[in-house]
Each structure stands twice: as C-alpha cells, then as structure tokens.
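Only one structure is covered here, and it is reproduced in the block below.
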Amino acid sequence: MQIELRFFASVREALNVAEERVDVPAGIATVGDVRQWLCGRGPVWAETLGAQRALRMALDHTMVPAATRLTDGCEVAFFPPVTGG
1 MQIELRFFAS
11 VREALNVAEE
21 RVDVPAGIAT
31 VGDVRQWLCG
41 RGPVWAETLG
51 AQRALRMALD
61 HTMVPAATRL
71 TDGCEVAFFP
81 PVTGG
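Have a look at this one:
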C-alpha cells in the first residue's frame with residue numbers, strides 16, 4: 001500500500017522533511033502503526049514522533065485517533081498540538 005506523508009510545523013523542522021510518498025510494509029494498518037514504523041528510521045525520528053511526544057495525526061485532512069485504519073493512497077499528517085487565542 002502506498003500513502004502520502006506530510007509533516008508540519010516543528011515536526012517538519014525536526015525531520016527536515018515536508019512530505020513524501022512511501023510504500024508501507026505489510027502489517028502497517030493504522031495511523032498509529034505508521035507513527036511507530038517511522039520511529040524506526042533513527043533517533044531523530046524516534047525523538048520527534050515517539051509515544052512520549054504529544055502529536056496530532058490526521059488522515060485525509062481529518063484529525064483521527066491512532067487506531068484509524070489506512071487506505072491505499074491516503075494522506076497521513078503529523079503536527080504538534082495547536083492552541084488559539
């Protein structure tokens with residue numbers, strides 16, 4: 001399955017990547033699985049996307065929980081929590 005990844009704000013700055021298209025390995029079925037899989041790319045990825053970090057995740061422009069299932073060609077985005085005022 002192929003998906004589009006997008007990284008925003010401090011996540012993009014830490015990873016030095018704004019977007020990329022990837023083939024996800026078998027067994028990667030949810031947004032949370034993608035997050036965990038990306039942490040395996042190395043220490044910077046693990047520090048930026050690890051479970052210890054408060055992050056928001058979106059699937060096709062809608063914020064979703066980690067258990068949300070992927071579909072082929074979907075867009076998964078990672079960004080820090082935002083506040084307004």
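1 is the number of the first residue of the sequence shown in the numbering used here; add one for each residue after it.
Heads up, the beta-carbon is just placed ideally off N, CA and C, and yes, glycines get one too.
Item	Value
Residue from D72, A67 and G73 whose Cα sits closest to the Cα of Q36	A67
Distance CB(V34)-CB(V24) smaller than 9 Å	yes
Span of the beta strand (DSSP E), counted from its first residue to its last, around D23	E19 to D23
Among R6, R12 and A46, the one whose alpha carbon lies nearest that of V76	R6
Enclosing alpha helix (DSSP H) for L5 [first to last residue]	Where L5 is concerned, there is no enclosing alpha helix (DSSP H), although the beta strand (DSSP E) it sits in stretches over Q2 to F7.
Nearest-angstrom beta carbon gap, C74 and L55 [assumed within contact, 8 Å]	Contact flag wrong, Cβ pair sits at about 17 Å.
C-alpha gap between V64 and R41, whole angstroms	23 Å
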